[in-house]
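From first to last, the protein sequence lines stand for chains H and V. If you read the first sequence in my numbering, its first letter stands for residue 1, the second for the next number, and so on. If you read the second sequence in my numbering, its first letter stands for residue 1001, the second for the next number, and so on.
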Amino acid sequence: METADLTHHISRRFNEDLEKVRNQVLQMGGFVEQQLHKAITALVEGDSRLGESVATEDYKVNGMELSIDEECSRILALRAPAAGDLRVIVAIIKTITDLERIGDEGEKIGYIASRLATMERPADKYREVKHLGRQVAQMVHDALDAFARMDSQAAVKTAQEDKMVDEEYESIQRQCITFMMEDPRTIRRALEIMWIVRALERIGDHAKNICEYVIYMVHGKDIRHTSLADVAKQIDAAHALLRR
Amino acid sequence: MWTFALARLAGILLLGLVLGLLIGPIWLWVLAAACLYLGWQLVTLYRLDRWLRLRSQMDPPDLGGVWGDIVAQVVRLHRRKQFHKQRLVQLFRELRRSTAALPDGVIILSTQREIVWFNRQAARLLGLKRPVDVGLRIDNLIRVPEFVHYLHGDDFAMPLVIRPPVQLDLYLALQVVPYGGGQSLLLVRDVTRQMRLEAMRKDFVANASHELRTPLTVISGYLDTLADDSAIDPAWSGPIKDMRAQAQRMNAIIADLLVLSRLESTDGEAVRDAIDVPSMLERLHRDALASADRPRHVVLELDSADGLYGSAHELESAFTNLLVNGLKYTLPEGTVRMRWWTDAEGAYFSVIDSGIGIPAEHIPRLTERFYRVDAGRSRGQGGSGLGLAIVKHALQRHGAWLEVQSTEGKGSTFTCHFPRQRICEQTVRRAASA
């Protein structure tokens, strides 16, 4: 029903502007998602060319961020939006910053993957990293879906997954340390893997941020630095109220 | 019916008139009679109105006369409408059930590319949710950049194959089918199996060619030694020569198969290195002149100093294949001309021979693998039968296409058409080398 709010406007142009910028954000999100997938594939399959192409295409994400940012400033200056519309714009401005960072982390992964492709591959073929990568990519996907659907319940659920990503990150880190202690020759590779895993963990955090902006956009509540369990309870209550 | 109603009105008025004549003033009695009639009509009207309002809970009133007729009329109309409505609903339900049972996903999109309706299969394949996703723009949910580009373009002739971000092991073919009023249908098909089979086929060809190479090297090695061995009965020298020639041909076929499978397995467009086409062609020309049994005239016409953006390796193998074909099918006294030129639309490379030509019915199939125009001829000339297939694939990766013109007995012209955006202007090189 919140999406319907976007269409109740005196000025039709304003509506179109808002809708357009929202579409742009999701388009940017789609590109970032693809970059992330490519980066992970490059690592897992040892495809150095794919990894390089991810690293060289990051400039497109930056360009998208700039143009959306400009569009938002224009809307703020021309239309002086209030209430829900203002929240949408604020959430968009914040979301694209996080998307751009995800793009940067993806670039980093792609770059390291292209370097790792020339080294000997471990016996497990980066199974754990692949798993973590998929998990994180799914989180980004779900966060963007929640953004598109203005679905705060899905946003909370996705934000909660960040905890699992953090745990996975820690376990891979421990594994890497074990490898390094067992065989010092693997230190170089293990260090690179640590960078990648760290980048993935950061992407998870950014996805969580996007979820928080979705909740802010829908309910007007800033839930940063509060416990997610409380937020989930409040949002479920709000939904129950609406349904009644 | 209506005459009866009129007669009744007349009767009542007449009664009023008679009563008025008998007792009291006439007009008063007539007026009273008219009022009585009007009042009765109003009561009936009220009953009719009440019934129309509460039709579902009440039986039709028994009004009689004209009013009863009207009530019967309304009841009939209502029944007929109900019947049609039920039929439509039934039809609609059946339609929905059948589309839901389709093995492919179907999504109806509005002019704004918003989701109007989708079936269960589409929801499963693309992760759509009912009912929240109805009214959302499809490219907000399927954000794969290629798809967004495809959706906003206007070329829907071919389906687009994507890997949905949620289930990476799937391949989905998406096709937009526009229909009346700017709406469109988005068909979603799971093509994972086909893609896997295709990949397996490519892998198989590449692996098989690789595996054949090693034993063949051993065979040709021994044949070379045997050919030089003077201790062998001279009667064997003929067969050994034949065997060597055939081994060489097999080698050529395997090499071409490997080139072809490499061209196929690299996806998308070719790289965009700047390539100096004129000097590449000059080199090919020199090689052609150096070869032993060539037609008398081999001419190179360079009408442009421009080059191309593309892969040097792939372009060279395409050009070489065309040139070699031209040389092979031209008689010793004939001419083979190579021509390179550009115009406002793009760049062109032609090989024009005065050879034996190709019958028109074979031209569309020339680029098929191992296609023979004339079973006796092409094998006699050697060659792998893959040359033009390689040309086609290499050109495709550069956004280019091959045009074949031929007159039987007079000669053929093979022209590669390159699009404008692949041209790399290169006036500098000419100046430098001059």
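C-beta atoms are modelled at their ideal positions from N, C-alpha and C, and glycine is treated no differently. Note that the structure is predicted; figures quoted are calculated from it, not measured.
Problem - Test item: CB-CB of ASP1104/V and VAL1176/V under 8 Å - result: One-based indexing of the second sequence puts residue 1104/V at position 104. One-based indexing of the second sequence puts residue 1176/V at position 176. For ASP1104/V and VAL1176/V, no; Cβs fall outside 8 Å.
Exercise for the section: Check whether the Cβ atoms of PHE1418/V and ALA1318/V lie closer than 8 Å to each other. Expected result: Residue numbering aside, residue 1418/V sits at position 418 when the second sequence is read from its first letter. Residue numbering aside, residue 1318/V sits at position 318 when the second sequence is read from its first letter. In this structure, ALA1318/V does not lie closer than 8 Å to PHE1418/V by Cβ.
Practice task
Closer than 9 Å by beta-carbon distance: list the chain V residues that pair up with ALA148/H, in chain order.
Solution key: Counted from its first residue, the first sequence places residue 148/H at position 148. Chain V residues near ALA148/H: ASP1133, LEU1136, ARG1137, ASN1140, LEU1141, ARG1143.
Practice task
Grab the span of the alpha helix (DSSP H) containing ILE1012/V for me, first residue to last.
Solution key: Here residue 1012/V is taken as the residue at index 12 of the second sequence, counted from 1. From DSSP, the alpha helix (DSSP H) with ILE1012/V extends over 1002-1022.
Handout entry: Rounded C-alpha distance that separates CYS1424/V from THR1342/V
Key = Within the second sequence, the letter at position 424 stands for residue 1424/V. Within the second sequence, the letter at position 342 stands for residue 1342/V. For CYS1424/V and THR1342/V, the gap between their C-alpha atoms comes out near 11 Å.
Handout entry: Segments of 4+ residues assigned as alpha helix (DSSP H) that fall wholly inside the stretch 1085-1173 of chain V
Key = Runs of the alpha helix (DSSP H) inside the stretch 1085-1173 of chain V: 1120-1126, 1138-1141, 1145-1152.
Exercise for the section: Give me whichever residues DSSP pairs with ASP1190/V in a beta bridge. Expected result: In the second sequence, counting from the first residue as 1, residue 1190/V sits at position 190. As a beta-bridge residue in DSSP terms, ASP1190/V pairs with LEU1172/V.
Handout entry: Pick from TYR216/H, GLN27/H, ILE89/H that is closest to GLU71/H, judged by C-alpha positions
Key = Within the first sequence, residue 71/H is the residue found at index 71, counting from 1. With respect to the C-alpha of GLU71/H, the residue from TYR216/H, GLN27/H, ILE89/H having the closest C-alpha is ILE89/H.
Handout entry: With 16 other Cβ atoms within 10 Å as the buried cut-off, status of VAL1144/V
Key = Locating residue 1144/V in the second sequence gives position 144, where the first residue counts as 1. Counting every other CB atom within 10 Å of its CB across the protein chains shown gives VAL1144/V a total of 16 or more, marking it as buried.
Problem - Rounded straight-line distance, which links the Cα of ALA159/H to that of GLN24/H - result: Mapped onto the first sequence, residue 24/H falls at position 24. Mapped onto the first sequence, residue 159/H falls at position 159. Rounded to the nearest angstrom, the two C-alpha atoms are 23 Å apart.
Problem - Near-chain C residues of the stretch 18-30 of chain H - C-beta to any C-beta below 7 Å - result: Although the question refers to chain C, the structure presented lacks it and instead comprises the protein chains H and V.
Problem - Exposure of TRP1401/V, with buried meaning 16 or more beta-carbon neighbours within 10 Å - result: Sequence index remark: in the second sequence, residue 1401/V carries index 401 (1-based). Answer is exposed; the Cβ neighbour count stays below 16.
Problem - DSSP state of ARG1397/V mapped onto helix, strand, coil - result: For the purposes of this step, residue 1397/V is taken as the residue at position 397 of the second sequence. The DSSP-derived three-state label of ARG1397/V is coil.
Handout entry: 8 Å contact criterion, which MET194/H and GLN173/H should meet: CB distance rounded
Key = The residue given as residue 194/H occupies position 194 in the first sequence. The residue given as residue 173/H occupies position 173 in the first sequence. Contact flag correct, Cβ pair sits at about 7 Å.
Handout entry: Residue span of the alpha helix (DSSP H) that contains PHE31/H, given as start and end
Key = As a first step, residue 31/H is located in the first sequence; it is residue number 31 there, counting from the start. Following the DSSP letters along the chain, one finds PHE31/H inside the alpha helix (DSSP H) bounded by residues 12-45.
Handout entry: N- and C-terminal bounds of the beta strand (DSSP E) containing ASP1353/V
Key = Position 353 of the second sequence, counted from the first residue, corresponds to residue 1353/V. 1346-1353 is the extent of the beta strand (DSSP E) around ASP1353/V.
Handout entry: Counterpart residues of MET180/H in DSSP-defined beta bridges
Key = As a first step, residue 180/H must be located in the first sequence, where it is residue number 180. Looking at the DSSP assignment, MET180/H forms no beta bridge with any residue, so it has no partner.
Problem - Residue-level contact to chain V via CB, ALA240/H, 8 Å cutoff - result: As a working note, residue 240/H is residue 240 in the first sequence. No, its Cβ sits nowhere closer than 8 Å to a Cβ of chain V.
Handout entry: Simplified DSSP assignment, three categories, for ASP1293/V
Key = For the purposes of this step, residue 1293/V is taken as the residue at position 293 of the second sequence. Note: ASP1293/V maps to coil in three-state DSSP.
Exercise for the section: Label SER1433/V either buried or exposed according to how many other C-beta atoms from any shown protein chain fall within 10 Å of its C-beta, with 16 as the threshold for buried. Expected result: Position 433 of the second sequence, counted from the start, is the residue given in the question as residue 1433/V. For SER1433/V, the pLDDT reaches just 47, beneath the cut-off of 50, and the residue's location in the model is therefore unreliable, leaving the point undetermined.
Practice task
Return the residue from the list PRO1164/V, SER1110/V, ARG1120/V, ALA1072/V that minimises the CA-CA distance to GLY1181/V.
Solution key: As a working mapping, residue 1181/V is identified with position 181 in the second sequence. Out of PRO1164/V, SER1110/V, ARG1120/V, ALA1072/V, SER1110/V has the C-alpha closest to the C-alpha of GLY1181/V.
Practice task
Please name the residue in LEU78/H, MET64/H, ILE92/H, ILE102/H whose C-alpha comes closest to that of HIS37/H.
Solution key: Your numbering for residue 37/H matches position 37 in the first sequence. That would be ILE102/H, whose Cα lies nearest to the Cα of HIS37/H.
Practice task
With a threshold of 7 Å, establish whether the CB of ARG1369/V neighbours any heavy atom of the ligand NAD.
Solution key: Annotation note on the ligand NAD: not contained in the displayed structure, which lists no ligands.
Practice task
Kindly indicate if chain H contains any beta-carbon less than 8 Å away from that of PRO1103/V.
Solution key: As a first step, residue 1103/V is located in the second sequence; it is residue number 103 there, counting from the start. Taking CB atoms only, PRO1103/V has no neighbour in chain H less than 8 Å away.
Exercise for the section: Give the range of the beta strand (DSSP E) segment to which MET1338/V is assigned. Expected result: Here residue 1338/V corresponds to residue number 338 of the second sequence, with the count starting at 1. In the DSSP assignment, MET1338/V falls within the beta strand (DSSP E) that extends over 1335-1342.
Problem - Amino acids of chain V, ordered along the chain, whose beta-carbon sits closer than 7 Å to that of GLU33/H - result: The residue you call residue 33/H lines up with position 33 of the first sequence. Going along chain V in sequence order, the residues near GLU33/H (Cβ under 7 Å) are ARG1143, PRO1165.
Handout entry: Straight-line Cα distance separating THR1415/V from GLN1421/V
Key = Numbered from 1 along the second sequence, position 421 holds the residue referred to as residue 1421/V. Numbered from 1 along the second sequence, position 415 holds the residue referred to as residue 1415/V. It is roughly 18 Å from the alpha-carbon of GLN1421/V to the alpha-carbon of THR1415/V.
Problem - LEU43/H and ILE109/H closer than 8 Å at C-beta - result: The residue labelled residue 43/H in the question sits at position 43 within the first sequence. The residue labelled residue 109/H in the question sits at position 109 within the first sequence. In terms of Cβ geometry, LEU43/H and ILE109/H form a close pair [threshold 8 Å].
Handout entry: the stretch 1257-1267 of chain V / the stretch 1296-1308 of chain V touching (three or more Cβ pairs under 8 Å)
Key = When C-beta atoms of the stretch 1257-1267 of chain V are compared with those of the stretch 1296-1308 of chain V, fewer than three pairs fall below 8 Å, so the two segments do not count as touching.
Handout entry: Cross-chain neighbours of LEU1168/V in chain H, by beta carbon under 8 Å
Key = As a working note, residue 1168/V is residue 168 in the second sequence. Within 8 Å Cβ-Cβ: HIS37, ARG134.
Practice task
May I ask you to list the residues that DSSP assigns as paired with THR1415/V?
Solution key: The residue you call residue 1415/V lines up with position 415 of the second sequence. In the DSSP secondary-structure assignment, THR1415/V is bridged to SER1350/V, GLU1403/V.
Handout entry: Burial state of LEU1052/V, where buried means 16 or more other Cβ atoms lie within 10 Å
Key = The residue given as residue 1052/V occupies position 52 in the second sequence. The residue is exposed, with fewer than 16 neighbouring Cβ atoms inside 10 Å.
Problem - First and last residue of the uninterrupted alpha helix (DSSP H) at LEU1260/V - result: The count along the second sequence starts at 1 and reaches residue 1260/V at position 260. Start and end: 1237-1265.
Practice task
Report yes if the C-beta distance between GLY29/H and LEU144/H is below 8 Å; otherwise report no.
Solution key: Counted from its first residue, the first sequence places residue 29/H at position 29. Counted from its first residue, the first sequence places residue 144/H at position 144. Taking 8 Å as the Cβ cut-off, GLY29/H and LEU144/H qualify as a contacting pair.
Practice task
Using the Cα positions of ILE196/H and THR97/H, report the straight-line distance between them to the nearest angstrom.
Solution key: What you label residue 196/H is simply residue 196 of the first sequence in a count that begins at 1. What you label residue 97/H is simply residue 97 of the first sequence in a count that begins at 1. Between the alpha carbons of ILE196/H and THR97/H lies a distance of about 20 Å.
Practice task
Ignore the nearest five residues each way along the sequence and tell me which others in TRP1029/V's own chain have a CB closer than 6 Å to its CB.
Solution key: Within the second sequence, residue 1029/V is the residue found at index 29, counting from 1. GLY1016, LEU1019, GLY1020, listed in sequence order.
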